[in-house]
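Since the structure comes first, as structure tokens, the remarks are kept for the end.
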Amino acid sequence: MSSLDNLKPKFSKVIEHLKGELGSLRSGRATPLLVENVAVEAYGTTTPLKELASINTPEPRLLIISPWDKGIIKDVEKALQVVNLGASPVIDGAVIRINLPPLSEERRKELVKILNTKLEEARIGVRSVREDSLKDFKQQKSNGDVSEDEFFVVQKDMQKIVDDFSTQIKKIGEDKEKEIMTI
């Protein structure tokens, strides 16, 4: 049973990864999550934008990126142009402004498709953790460390945990879809 307690952190990692992935999906509002992990080629290496600049959202549809070293502003702009935000970055002195236009209905539907792909990846992650754990329990059963009855109890309890995390994934997806589709 203690092995079941070890599963919850693994499932939680899948959920946290999903939340991070969904944070980069654009909804109606600008958020630093949209660009903070953009890979910027600067100083001869690739670095996430959040390590090179401050990212602010003074208005609901405006991102302002202030590189700490003004010498890499062109590198940051080039990296931001590669990311498909639906708006071009504009250098304004020592900062880069990205004015995000309102999402069209077509773009919202595209984002929902991307959302569904990410949700399915999370479901696959949960199933993968479950299968790896079941394989370990089957090995313990074949070694005689776990009885047949204990194995089926563990399997049943594990499925309850998987169902709980699947429900969380579904709820997160419904909330994000509502956020994307809200005008």
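For the sequence shown, the residue numbers in the numbering used here are 892 to 1074. For glycine and all other residues, C-beta sits at the position ideal for the given N, C-alpha and C. From a predicted model like this one, the values you see are computed outputs, not experimental measurements.
Relative to the C-alpha of residue i, which candidate in the options has its C-alpha closest?
i	options	result
Gly-977	Ile-956, Asp-966, Val-986, Leu-1002	Leu-1002
Arg-920	Lys-1061, Leu-991, Val-967	Leu-991
Ile-964	Asp-983, Thr-948, Lys-1000, Ile-1060	Asp-983
Leu-895	Lys-1032, Leu-954, Leu-1025	Leu-1025
Lys-941	Gly-935, Asp-1036, Ser-957, Glu-950	Ser-957
Alpha carbon to alpha carbon, what distance is there between residue j and residue i?
i	j	result
Lys-1029	Ser-979	54 angstroms
Arg-998	Met-1072	10 angstroms
Ala-944	Phe-902	32 angstroms
Met-892	Val-1045	Summary for Met-892: the model assigns pLDDT 48, below 50, so the residue's position carries little reliability; its value from the coordinates is reported in the next sentence. Taking the straight line joining both Cα atoms gives about 7 angstroms.
Glu-996	Asn-1007	17 angstroms
Asn-897	Val-929	33 angstroms
Ile-946	Lys-1047	46 angstroms
Asp-1049	Arg-1021	Residue identity differs from the one stated: residue 1049 is Met in this sequence, not Asp. Straight-line Cα distance between these residues: approximately 7 angstroms.
Go to residue i, then tell me how far its alpha helix (DSSP H) extends in each direction, as first and last residue.
i	result
Ile-964	964-973
Val-1020	996-1034
Val-1037	Premise fails: Val-1037 is in no alpha helix (DSSP H) and is neither H nor E.
Could you spell out where the beta strand (DSSP E) holding residue i opens and where it closes?
i	result
Ser-945	944-950
Ser-957	953-958
What residues are listed by DSSP as bridge partners for residue i?
i	result
Ser-979	In DSSP, Ser-979 forms no bridge with anything.
Thr-936	Ala-933
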